[in-house]
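Read through the structure below, which is laid out as structure tokens, and then see the notes.
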DNA sequence: ATATAGTATATCGTATACGATTTTTAAAAT
DNA sequence: ATTTTAAAAATCGTATACGATATACTATAT
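Protein chains in written order, with the UniProt record's numbering: chain A, 1 to 202; chain B, 1 to 202.
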């Protein structure tokens, strides 16, 4: 089944990719004219894509001033981390972890440990979490988590170097899941996400 | 501080209102030309508003076929109810219930009990839940809940008449909150949302 | 009577135009 | 030299135009 993919969708995905590669950073304005030149499309699908990302709160707009990626903000960080912790816990509680998933998690954790720059490490960490929650068959939850993680990505770039217990916790989660100890895994997962809140000062 | 409100935002809110009043129903197509005539604006801000609602998954689009409110679907219902139960529980656990909030809840419960048509009752029920979670200061969570409840509204129109224990459960929640028994309140709240899943057959 | 093909109409997604607003730059006033 | 004002340039949000696609209708073949 071949379906046409609208420019709007393509633009939205391209912009999300630029965030993940660090090409677009927190606090940056998004220039319609500039994006239109880069992508060689009119501003119409770009506006549609950006208004979608606004709805996800990944970006902000103000009338007559255009679109911007929000600056980092500790209050919002707390909100985001708390939500992700809660929704991932829900996902884990509603998942079954087969040997192949456990294997994928272990492999992914190795990628995290061998990544040698901040952007790669954050992206690999997010992929680890995506694998962890991938067995939860709730499309709405998955979309919400995706959006939240896009927003959290910018914070992780700031905070992740502050946290030395990440690898140990991931391995602990994997062990618990391997042994069917879901509740213990959930407890460490929440710790994994929420302990960063201890670093929020400002 | 006066700020301009874009047509896009106005159109989006008007469409959401039409859903809440039952003027727009599950399964209905949204005609750009028709909305443009009604609201006396061009299709541009309408498309921007609709693509935003698509991002919230409140509506769906398919290339070259326009926008539509999704039909009711039991798998999606399960997803939505599970998410709302979880996020409202999180909200309650992170809230403090003053006397004035308890008073508002009681007053709202009276409105539910005296409402005399399905749409009013569902809307008043959703307002009850909004009050219940209003003390949770997490804007992202509130926006997510808002979107989820817009989608659940269509299901509640179908399911709510099947459920006779609603009022009793609300009063129980209020009592528990009044006595500071948060865990008990959360348990009844989850029951309140998740018991409808027993009626899902199809 | 039904299925297929062709035509007309309606609608969608994108491009372009344009008035309104914001930002930047230059000139005038202090 | 600094501040204020005015003008120019850039950008935004919306309206309109238009080619592409889908839908509805009609004619033809089986």
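In this text, a Cβ means the ideal position worked out from N, Cα and C, and glycines have one as well.
**OP:** Identify whether residue 60 of chain B lies in helix, strand or coil by the three-state DSSP scheme.
**Re:** strand
**OP:** Check distances from the C-beta atoms of the segment 135–166 of chain A to those of chain B and list, in chain order, the residues that come in under 9 Å.
**Re:** 137, 138, 139, 140, 141, 143, 144, 147, 148, 151
Original post:
Does residue 7 of chain A get closer than 8 Å to chain B when you measure Cβ to Cβ?
Top reply: no
**OP:** Using a threshold of 8 Å, state whether the C-beta atoms of residue 25 of chain B and residue 69 of chain B are closer than that.
**Re:** yes
Original post:
For residue 204 of chain A, does the three-state DSSP call read helix, strand or coil?
Top reply: What is shown of chain A runs 1 to 202, which leaves residue 204 of chain A out entirely.
**OP:** State the DSSP-derived secondary structure class of residue 202 of chain A, mapped to helix, strand or coil.
**Re:** Residue confidence is low: residue 202 of chain A scores 43 on pLDDT, short of 50, so the model does not pin down where it sits. No coordinate-derived value is stated.
Original post:
Distance, Cα to Cα, residue 202 of chain B vs residue 4 of chain A?
Top reply: Confidence in residue 202 of chain B is poor, its pLDDT being 43 and thus under 50, which makes the residue's placement unreliable; the coordinate value appears in the next sentence. Near 32 Å, if we compare the C-alpha coordinates of residue 4 of chain A and residue 202 of chain B.
**OP:** Provide the residue span of the alpha helix (DSSP H) that contains residue 211 of chain B, from first to last.
**Re:** Since the first residue shown for chain B is 1 and the last is 202, residue 211 of chain B is missing from the structure and cannot be characterised.
Original post:
With 8 Å set as the bound, which would you pick, yes or no: does the beta-carbon of residue 197 of chain B sit closer than that to a beta-carbon of chain A?
Top reply: no
Original post:
Quick one, which of B:38, B:28, B:27 has its alpha-carbon nearest residue 11 of chain B's?
Top reply: B:38
Original post:
Which first and last residues belong to the beta strand (DSSP E) in which residue 5 of chain A is found?
Top reply: Premise fails: residue 5 of chain A is in no beta strand (DSSP E) and is neither H nor E.
**OP:** Compare the C-alpha of residue 121 of chain A against each of A:108, A:132, A:131, A:133 and name the closest.
**Re:** A:108
Original post:
Of the residues B:116, B:82, B:148, which one's Cα is nearest the Cα of residue 191 of chain B?
Top reply: B:82
Original post:
Under 8 Å Cβ-Cβ, which residues of chain B neighbour residue 47 of chain A?
Top reply: 48
**OP:** Starting from the C-beta of residue 184 of chain A, find all residues in its chain whose C-beta is less than 8 Å away, skip the five residues before and the five after it, and write them out in chain order.
**Re:** 176
Original post:
With 8 Å set as the bound, which would you pick, yes or no: does the beta-carbon of residue 25 of chain B sit closer than that to a beta-carbon of chain A?
Top reply: no
**OP:** Let me know if residue 112 of chain A comes out buried or exposed under the rule of 16 or more other beta-carbons within 10 Å of its beta-carbon.
**Re:** buried
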